[in-house]
Amino acid sequence: MVLDLEIRRRADHVKILLRRAGLDPEVRREAQRTLVTELGIRRAIGGFEVARRLFRFWSLLHQPLAAGMYCIAVLHVLNAILFGGAVPTLLEALP
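What follows is the structure, given as structure tokens:
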């Protein structure tokens, strides 16, 4: 939200400066459009930087948890096969 307010403030400032410059209205509109587009691109880049930092912290937490879950799943399957009677149950189902 802060970035949006800053972009709007800067865009308004650019419009005022371009009006004061006494440019042709068509040139002024094109300059405004270009500068506001550039400000929007800078805002998007700032948003991507925030997302990149948050993703780094998320992956630091997620990767060990995912590895642990894979280990638990493998142990669960081995335990079911060895001690849970999965093999005899499967063999009983065969004709």
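Numbering (my numbering), first residue to last: 25 to 119. For each residue, glycine too, the CB sits at the ideal point set by N, CA and C.
Query	Result
On a CA-only basis, which of L102, A55 and H100 is nearest I40? Give me that one, please.	A55
Terminal residues of the continuous alpha helix (DSSP H) containing P119?	Careful: P119 lies outside any alpha helix (DSSP H) and carries neither H nor E.
In the DSSP assignment, the alpha helix (DSSP H) including G109 goes from what residue to what residue?	Unbroken run through G109: none, as it is neither H nor E.
May I ask you to report which of helix, strand or coil DSSP gives D48?	coil
For V111 versus I105, is the C-beta distance shorter than 8 Å?	yes
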